[in-house]
Ligand SMILES: [Zn+2]
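Residue numbers (my numbering): 9 to 316.
Okay, here's the thing in structure tokens:
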């Protein structure tokens with residue numbers, strides 16, 4: 009920093025003027041004054057930086073309370089009790105389990121479980137195409153085997169393909185070996201169709217605990233939960249729309265199913281209602297700024313082929 013001297017003061021380019029410290033001439037009071045002045049300038053300079061850092065930290069750590077209620081359940085139901093556990097895991101392992109995106113951005117992620125199927129998934133894809141929106145589909149291995157062309161369409165239309173197990177079991181009821189085989193078998197079939205292996209996993213029925221979360225993470229994957237449940241498997245289209253309208257927040261991950269008649273019926277209204285409120289629609293990878301697919305591991309044999 010360049011400073012220049014005039015009289016008894018040092019002048020800095022950004023208008024800070026400090027008295028020159030001269031031990032013989034200055035009294036103790038003057039030295040104290042100088043220290044206070046220095047301190048006040050430092051606070052002035054660093055306060056905005058501190059604010060910025062705390063804001064970033066706050067954004068990273070903010071975990072939403074999971075919303076969406078059905079009159080057909082009460083708060084003592086296991087579906088609601090599970091939410092507390094999931095929120096605690098997300099707070100403990102924010103890199104391993106995601107409930108919501110950035111709470112400061114006017115954006116949401118539409119997510120569809122149990123894809124693909126030959127009747128409703130294509131209609132959902134048509135609707136998303138009309139609005140030119142990207143969504144995320146959590147796919148079941150057994151369904152992909154039956155309808156590979158629908159999976160291909162999901163991918164080719166720019167949506168994100170994610171893993172929802174092979175046979176749709178409750179992860180809390182199966183052993184680790186079975187859990188890994190459910191995930192990896194689904195990835196193999198996805199890979200055979202689109203040439204990618206998934207990084208995002210959603211546990212069937214939302215059943216998860218700390219151990220399963222860690223096992224999924226060690227398998228190179230992240231758990232993607234949701235922050236807003238539309239109860240589309242249970243409720244009528246009107247009720248679904250009101251659940252979304254009454255609960256929507258910035259950064260919400262919205263849970264729906266791609267194999268439900270009522271989801272197809274109401275999707276257009278849900279999107280319109282959110283567009284009016286100014287929301288942008290993003291896929292999970294765009295929302296959380298992480299790649300949706302695993303990096304391809306090239307074997308030594310393949311590497312030699314490329315070199316040749
Ligand atoms: Zn499911």
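Even glycine gets a Cβ: it sits at the ideal position worked out from N, Cα and C.
Rounded to whole angstroms, the Cβ separation of residue 78 and residue 239 is 4 angstroms, and the two are in contact under 8 angstroms. Per the coordinates, the alpha-carbon of residue 209 lies some 25 angstroms from the alpha-carbon of residue 274. Of all alpha-carbon atoms in 206, 203, 176, the one lying nearest the alpha-carbon of residue 215 is that of 176.
The C-beta of residue 228 has fewer than 16 other C-beta atoms within 10 Å across all chains shown, which makes the residue exposed. Rounded to the nearest angstrom, the gap between the Cα atoms of residue 182 and residue 91 is 20 angstroms.
A residue is listed when its beta-carbon falls short of 5 angstroms from at least one non-hydrogen atom of ligand 1; in chain order these are 121, 122, 212. Nearest Cα to residue 170 within the set 255, 84, 137, 196: 196. In the three-state reduction of the DSSP assignment, residue 305 falls in the coil class. For residue 295, the enclosing alpha helix (DSSP H) stretches over residues 292–296. The continuous beta strand (DSSP E) containing residue 115 extends over residues 115–123. For residue 124, the closest of 271, 266, 303 by C-alpha to C-alpha distance is 266.
The beta carbons of residue 234 and residue 74 sit closer together than 8 angstroms. A straight line joining the alpha-carbon of residue 299 with that of residue 40 spans about 54 angstroms. For the 8 angstroms CB-CB criterion, residue 223 and residue 194 do not form a contact.
Under the 10 Å beta carbon count, residue 119 is surrounded by 16 or more other beta carbons and is classified as buried. Within 10 angstroms of the beta-carbon of residue 108 lie 16 or more other beta-carbons, which makes it buried. DSSP, read as helix, strand or coil, puts residue 265 in strand. In the three-state scheme derived from DSSP, where H, G and I count as helix and E and B as strand, residue 242 is classed as coil. Relative to residue 146, the option among 187, 198, 114 whose CA is nearest is 198.
In the displayed model, residue 170 falls within a strand according to three-state DSSP.
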